[in-house]
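These notes are about the structure you will find just below.
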Amino acid sequence: MPQLQLFGSDSAVLTVTDVTRRVRGLLETDYRLQDVWVAGEVSNLSRPASGHVYFTLKDTQASLRCIMWRPDAARVLVMPSAGDSIEVHGRVSVYEAGGQYQLYADAVRLAGEGALFQEFLRLKARLEAEGLFEPARKRPLPTWPALIGVVTSPSGAALRDVLHVLKRRFPLAEVTLAPTAVQGDDAPAGIVAALRGLNRLVRPDVILLVRGGGSIEDLAAFNDEGVARAIVASQAPVVSGVGHETDFTIADFVADMRAPTPSAAAEIVTPDRAQLSLAVRRARERLARAFAGSLAAQRWALDRQLDALRILSPRAQVASARQRLDDLLARAASGVHHHLSLRRAALSGLSQTLRAVGPSAVLARGYAVVSRAQTGKVVRSVAEVAPGDELRVRVADGTFEAEVGP
Amino acid sequence: MTKAKAKPTEDLSYEQAFLELETLVARLESGNPPLEEALSLFERGQALAARCGRLLEQAELKLKALTPEGVEPLEDTDLESEEPA
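Sequence order for the protein chains is A and B.
Just so you know, the first sequence maps onto residues 1156 to 1561 in my numbering.
Just so you know, the second sequence maps onto residues 120 to 204 in my numbering.
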């Protein structure tokens, strides 16, 4: 065994810093370690006032110190806690002052999410290649759904949200709930059975497939191939409303319409009652206007006929034509007794017509014109005559003299 | 729609009543029908609009549930008492 050379060349001696930097350099030039997901169980978690998070990731044979700086810690969706099986993303480097190598973490997810996500991407690609996401395949939603099917958990907030919106916007609808688990191992089969049952027994105009938000594991049933195919096979169009904020589920992609939440799904499939009331009011106004217009046109046409008759025909014919006109106008007027303004219009039309046929026609109905015999001045008031005055009375077919009684 | 046998407005759904109302208004606006017909269109239209208004104001959401036995009525209260949001 060679003797260790205690007094060799000084150039062989490195400082602690030198060594540490060389180690650090070795780690940081290993690209695999600079962008890596590491799986393990959390222990020794601490989060001091600085806001940085320190913990150790362990498996059965080794442990790895980890640090997450405060800004990264503020962004993570899943905050690790002791005992969790998690996957941490980051880069491996050296904390020089402590002489420790560690993982500088910048993202955390629950163990298994990575695998689930890969599976999700594979299924999505396959179904997309089959054309199941094609807009052309999607069915239009009904304007006024009389029957609405809802597939969800009977005890979830999603159902209450949906019913709340439907009551407010479109209480004319009938809702059939197809209750099913929406999470857990039974959920996919339950959802498929609910969709089939609604289509077979209820034949709704539209189906809402809803649940509250959750992690990718909670939403597994909505990424299930069987559920996706049941949505495609549904005769009624399906609207998905899964209350998750970030990514779409497979169900969202195959559904005929995707809503961001259960409430939004209920809104998308229904008209708003306030809008409908407005539409009815507008239709009612148009109806009244159109009818008034129609009456006016009829009256105008009759007036023209009457003019022609007055010029061409003996008086009796005029009178009978006027009587027919009176009849028609009277019927029109009684038909609109509930519409005061129209009746007023009809009456004013009537009086115009009477004026048009002239005083002789008025006299023919038994009216008389009374004037003073001497001056010919028309008498309009009892105050204008005294007993003994001589008057001339004009009726339809002539005049005669009269004297005012005592 | 033919005017041969008009259903009583009380038997019409909202959709049926509103669509008939729109058709009828369009006919009255464009067709210039004879007085008799205009009058009956107007009266029918009034009844249809009233039917629509009543349906909108008085409707109450009907709720049913799919059970192993078939489709059965469901009480709102069956749901409200369960777990909070």
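We treat Cβ as the ideally placed atom computed from N, Cα and C, and that holds for glycine.
Predicted, not measured: the structure shown is a model, and the values here were computed from it.
Among the options, the one whose alpha carbon lies nearest that of residue i
{"i": "E1440 (chain A)", "options": "B:L185, B:Y133, B:A136 and B:E141", "result": "B:E141"}
{"i": "P1206 (chain A)", "options": "A:V1231, A:G1195 and A:L1219", "result": "A small fix is needed here, since residue 1206 (chain A) is Gly in this sequence, not Pro. The residue with the shortest Cα to Cα distance from G1206 (chain A) is A:V1231."}
{"i": "R1444 (chain A)", "options": "B:C171, B:L147 and B:L131", "result": "B:L147"}
{"i": "I1371 (chain A)", "options": "A:P1334, A:L1265 and A:Q1216", "result": "A:L1265"}
{"i": "A1237 (chain A)", "options": "A:G1253, A:A1451, A:G1352 and A:S1198", "result": "A:S1198"}
{"i": "T1335 (chain A)", "options": "A:R1177, A:A1204, A:E1274 and A:R1351", "result": "A:R1351"}
{"i": "G1267 (chain A)", "options": "A:A1301, A:A1375 and A:R1177", "result": "A:A1375"}
{"i": "K1322 (chain A)", "options": "A:R1428, A:G1369 and A:M1223", "result": "A:R1428"}
{"i": "Y1256 (chain A)", "options": "A:R1459, A:L1182, A:T1554 and A:L1169", "result": "A:L1182"}
{"i": "R1179 (chain A)", "options": "A:V1435, A:R1246, A:R1294 and A:A1420", "result": "A:R1246"}
{"i": "L158 (chain B)", "options": "A:R1479, A:F1446 and A:I1466", "result": "A:F1446"}
{"i": "S1218 (chain A)", "options": "A:S1201, A:V1193 and A:P1203", "result": "A:V1193"}
{"i": "D1261 (chain A)", "options": "A:C1221, A:D1239 and A:T1184", "result": "A:C1221"}
{"i": "G1269 (chain A)", "options": "A:V1191, A:T1298 and A:R1202", "result": "A:V1191"}
{"i": "A1452 (chain A)", "options": "B:E176, B:K181 and B:S149", "result": "B:S149"}
{"i": "N151 (chain B)", "options": "A:P1203, A:S1536 and A:A1456", "result": "A:A1456"}
Whole-angstrom distance between residue j and residue i, CA atom to CA atom
{"i": "T1331 (chain A)", "j": "E155 (chain B)", "result": "45 Å"}
{"i": "Q1244 (chain A)", "j": "L1212 (chain A)", "result": "The sequence as given places His at residue 1244 (chain A); Gln does not occur at that position. Roughly 12 Å separates the two Cα atoms."}
{"i": "D1227 (chain A)", "j": "Y1209 (chain A)", "result": "12 Å"}
{"i": "D1462 (chain A)", "j": "R1454 (chain A)", "result": "12 Å"}
{"i": "E201 (chain B)", "j": "H1319 (chain A)", "result": "The predicted position of E201 (chain B) is uncertain, since its pLDDT is 46 and thus under 50; a value taken from the coordinates is nonetheless stated next. E201 (chain B) and H1319 (chain A): Cα-Cα distance of roughly 15 Å."}
{"i": "V1525 (chain A)", "j": "V1533 (chain A)", "result": "6 Å"}
{"i": "V190 (chain B)", "j": "A1333 (chain A)", "result": "9 Å"}
{"i": "I1241 (chain A)", "j": "M1234 (chain A)", "result": "10 Å"}
{"i": "L1271 (chain A)", "j": "L1431 (chain A)", "result": "45 Å"}
{"i": "L1258 (chain A)", "j": "Q1189 (chain A)", "result": "9 Å"}
{"i": "D1214 (chain A)", "j": "K1279 (chain A)", "result": "33 Å"}
{"i": "R206 (chain B)", "j": "V144 (chain B)", "result": "There is no way to answer for residue 206 (chain B), as the model of chain B reaches only from 120 to 204."}
{"i": "R1520 (chain A)", "j": "A1438 (chain A)", "result": "43 Å"}
{"i": "V1550 (chain A)", "j": "S1449 (chain A)", "result": "38 Å"}
{"i": "E134 (chain B)", "j": "V1397 (chain A)", "result": "30 Å"}
{"i": "I1346 (chain A)", "j": "D1340 (chain A)", "result": "11 Å"}
{"i": "D1481 (chain A)", "j": "V1357 (chain A)", "result": "57 Å"}
{"i": "G1195 (chain A)", "j": "R1292 (chain A)", "result": "44 Å"}
{"i": "R1366 (chain A)", "j": "L167 (chain B)", "result": "39 Å"}
{"i": "F1569 (chain A)", "j": "A1414 (chain A)", "result": "What the structure shows of chain A is the stretch from 1156 to 1561, and residue 1569 (chain A) is not part of that stretch, so it cannot be assessed."}
{"i": "S132 (chain B)", "j": "E139 (chain B)", "result": "11 Å"}
{"i": "P187 (chain B)", "j": "P153 (chain B)", "result": "58 Å"}
{"i": "F161 (chain B)", "j": "L1442 (chain A)", "result": "7 Å"}
{"i": "F1275 (chain A)", "j": "K126 (chain B)", "result": "54 Å"}
{"i": "V1171 (chain A)", "j": "G1369 (chain A)", "result": "49 Å"}
{"i": "R1294 (chain A)", "j": "Q1390 (chain A)", "result": "9 Å"}
{"i": "Q1216 (chain A)", "j": "L1302 (chain A)", "result": "60 Å"}
{"i": "V1136 (chain A)", "j": "T1530 (chain A)", "result": "Chain A is shown from 1156 up to 1561; residue 1136 (chain A) falls before or after that span and cannot be answered."}
{"i": "A1342 (chain A)", "j": "F1403 (chain A)", "result": "18 Å"}
{"i": "G1553 (chain A)", "j": "E1545 (chain A)", "result": "17 Å"}
{"i": "R1187 (chain A)", "j": "A1229 (chain A)", "result": "26 Å"}
{"i": "L180 (chain B)", "j": "P1290 (chain A)", "result": "32 Å"}
Own chain partners of residue i with C-beta closer than 8 Å, once the 5 adjacent residues on each side are dropped
{"i": "L1296 (chain A)", "result": "V1361, P1392, V1394, D1411, M1412, I1423 and V1424"}
{"i": "D1373 (chain A)", "result": "Q1338"}
{"i": "K183 (chain B)", "result": "V190, E191, P192 and L193"}
{"i": "A1344 (chain A)", "result": "G1381"}
{"i": "F137 (chain B)", "result": "L167 and C171"}
{"i": "D1407 (chain A)", "result": "F1377, S1395, V1397 and R1413"}
{"i": "P1300 (chain A)", "result": "F1325, A1328, P1359, D1360, V1361, V1424 and T1425"}
Neighbourhood of residue i by C-beta distance below 6 Å, restricted to the same chain and skipping five residues each side
{"i": "P1418 (chain A)", "result": "The residue you asked about is not Pro; residue 1418 (chain A) is Ser in the sequence shown. Same-chain partners within the cutoff: D1316 and V1320."}
{"i": "A169 (chain B)", "result": "none"}
{"i": "L1200 (chain A)", "result": "F1210 and A1237"}
{"i": "V1263 (chain A)", "result": "V1231, V1233, P1235, I1241 and V1243"}
{"i": "D1379 (chain A)", "result": "P1343"}
Proximal residues to residue i (C-beta, below 7 Å), its chain only, five neighbours per side dropped
{"i": "T1175 (chain A)", "result": "V1249, E1251 and G1254"}
{"i": "R1225 (chain A)", "result": "S1205, G1206 and H1207"}
{"i": "V1409 (chain A)", "result": "L1282, L1287, F1288, A1383, I1386 and V1387"}
{"i": "A1349 (chain A)", "result": "V1306, A1333 and T1335"}
{"i": "D1173 (chain A)", "result": "none"}
{"i": "M120 (chain B)", "result": "Below a pLDDT of 50, predicted positions are generally treated as unreliable, and M120 (chain B), at 45, falls in that range; the measurement from the model is reported next regardless. E139 and T142."}
Cβ-based contacts, 8 Å cut-off: residues of the region 1528-1557 of chain A near chain B:
none
Stretch-stretch touch, CB-based, cutoff 8 Å, three pairs: the region 1302-1319 of chain A with the region 1276-1292 of chain A:
no
Report yes or no: do three or more beta-carbon pairs, one from the region 1538-1545 of chain A and one from the region 1553-1561 of chain A, lie closer than 8 Å?
yes
Got a sec: which bits of the region 170-196 of chain B sit with their beta carbon under 7 Å from any beta carbon on chain A, in order along the chain?
C171, G172, L174, L175, A178, E179, L180, K181, L182, K183, A184, L185, G189, V190 and L193
Count Cβ pairs between the region 1411-1425 of chain A and the region 1358-1369 of chain A that sit closer than 8 Å; are there 3 or more?
yes
Contact set between the region 1331-1342 of chain A and chain B, restricted to residues whose Cβ is under 8 Å from the partner:
T1331, L1332, A1333 and P1334
For the region 139-151 of chain B, which residues have a CB atom closer than 7 Å to at least one CB atom of chain A, in sequence order?
L140, E141, V144, L147, E148 and N151
What are the residues in the region 1362-1381 of chain A lying within 9 Å of chain B by C-beta distance?
G1367
Under 7 Å, CB to CB, which of the residues in the region 1416-1446 of chain A have a partner in chain B?
R1428, L1431, S1432, V1435, A1438, R1439, R1441, L1442, A1445 and F1446
Near-chain B residues of the region 1180-1196 of chain A (beta-carbon distance less than 9 Å), N- to C-terminal order
none
Could you name the residues of the region 1316-1327 of chain A whose beta carbon sits closer than 9 Å to any beta carbon of chain B, in the order they occur along the chain?
D1316, L1318, L1321, K1322, F1325, P1326 and L1327
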